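Visitor: Residues 16 to 260 (this note's numbering) make up the sequence shown, in order.
I am attaching a structure below and will ask some questions about it afterwards.
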Amino acid sequence: MENQNYDDAIEVAPGIFWVGFYDKDATFTCNPYLIVDGDEAVLIDCGSLAHFPIVARKVFGIVSPSQISHLVFQHMDPDLCAALPLFKDIIDRPDLKMVAHWRSSMIISYYSTDKLNFYNPEKNGGILKLASGRVLRAIPAHYLHTPGTINMYDEKNKVLFTSDIFAAFTPEWEIFADASYPEKMRLFHENYMPSSEIMNEYLNRIKALDIEMLCPQHGSVIQKELISPCINALAGFEYGKFINE
Ligand SMILES: [Fe+2]
Ligand SMILES: [Fe+2]
């Protein structure tokens, strides 16, 4: 993986691109992803204002603005939502949909001066269906770490986009996780995730899925062989320990 050019988008699975900004001086990489499905595209967790110029260059180097039909927001934080109005203006489609759980969309509406066109998967059978028939399934991940968090599961490629779950602080970042990654997730999770009960409920839910790859919003992409070690690591961390800090 040493020859990856992080100035360009990286195709991590067929038609799924990492379109983030690798800042060598940062310990926290943000990972927006672009799914290209025929003539349609979906941008997942599009990112911050700070990273917008680089993310936009990568996204629109792959697809034209009018191809993007959905912006997915797996939770409500500014590191994945703040660029919403900028992308919305460039895409300029009246039918552009913002995909989020209703608890997130209540808050995400404050990122824009416009009235946003939301699509809540939980009110639509738990799925987002693309024009091709491809299904992105919204997996509940509530309170990890915000109410209304969802993970999108791409049934076609068996890729689970996990937002802040499976994230890590990574001073020496690489696009794909290595064997040291499970322990690297500890610091972020123990600082941001609330409880073992909530985490274990989530882990049991995703263990029922057939997953080839995990794509977190921070840290590195987790390929098949590291999925079980990473799930086991999350099951063993200590959550909510700063309640009295
Ligand atoms: Fe977050
Ligand atoms: Fe985040």
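Think of the CB as a built atom: it goes at the ideal place given N, C-alpha and C, for glycine as much as any other residue.
Please read these numbers as outputs of a predicted model, since none were measured by experiment.
Between the segment 130 to 138 and the segment 175 to 193, do at least 3 Cβ pairs fall closer than 8 Å?
Guide: no
Visitor: Return helix, strand or coil for lysine 130, following the three-state DSSP convention.
Guide: coil
Visitor: Roughly how many whole angstroms lie between the Cα atoms of isoleucine 165 and asparagine 20?
Guide: About 30 Å.
Visitor: Just to confirm, are aspartate 179 and histidine 90 a CB contact at a threshold of 8 Å?
Guide: yes
Visitor: How close, in whole Å, do the beta carbons of isoleucine 83 and leucine 101 come, if the pair is a contact with beta carbons under 8 Å?
Guide: Isoleucine 83 to leucine 101, Cβ: 13 Å. No contact.
Visitor: Going by the DSSP bridge assignment, what does alanine 56 pair with across the sheet?
Guide: Val51 and Ile83
Visitor: Are isoleucine 122 and isoleucine 221 close, meaning C-beta to C-beta below 8 Å?
Guide: no
Visitor: Taking the straight line between their C-alpha atoms, what separation do you get for aspartate 52 and glycine 30?
Guide: 7 Å
Visitor: Could you check what DSSP says for serine 243 in three-state terms: helix, strand or coil?
Guide: helix
Visitor: Any heavy atom of ligand 1 inside 7 Å of the beta-carbon of aspartate 60?
Guide: Not so, every heavy atom of ligand 1 lies at least 7 Å from the Cβ.
Visitor: Which runs of the beta strand (DSSP E), 3 residues or longer, sit entirely within the segment 150 to 190?
Guide: 150 to 155, 165 to 169 and 174 to 178
Visitor: Anyone know if the C-beta pair for threonine 177 and leucine 229 falls short of 8 Å?
Guide: Yes, the Cβ-Cβ distance between threonine 177 and leucine 229 is below 8 Å.
Visitor: Are glutamate 186 and threonine 42 closer than 8 Å when you measure CB to CB?
Guide: The identity of residue 186 in the sequence shown is proline, whereas the question assumes glutamate. Yes; because the gap between Cβ atoms is below 8 Å, this pair is in contact.
Visitor: Ignore the nearest five residues each way along the sequence and tell me which others in lysine 171's own chain have a CB closer than 7 Å to its CB.
Guide: Arg149
Visitor: Can you give me the start and stop residues for the beta strand (DSSP E) that phenylalanine 32 sits inside?
Guide: 31 to 33
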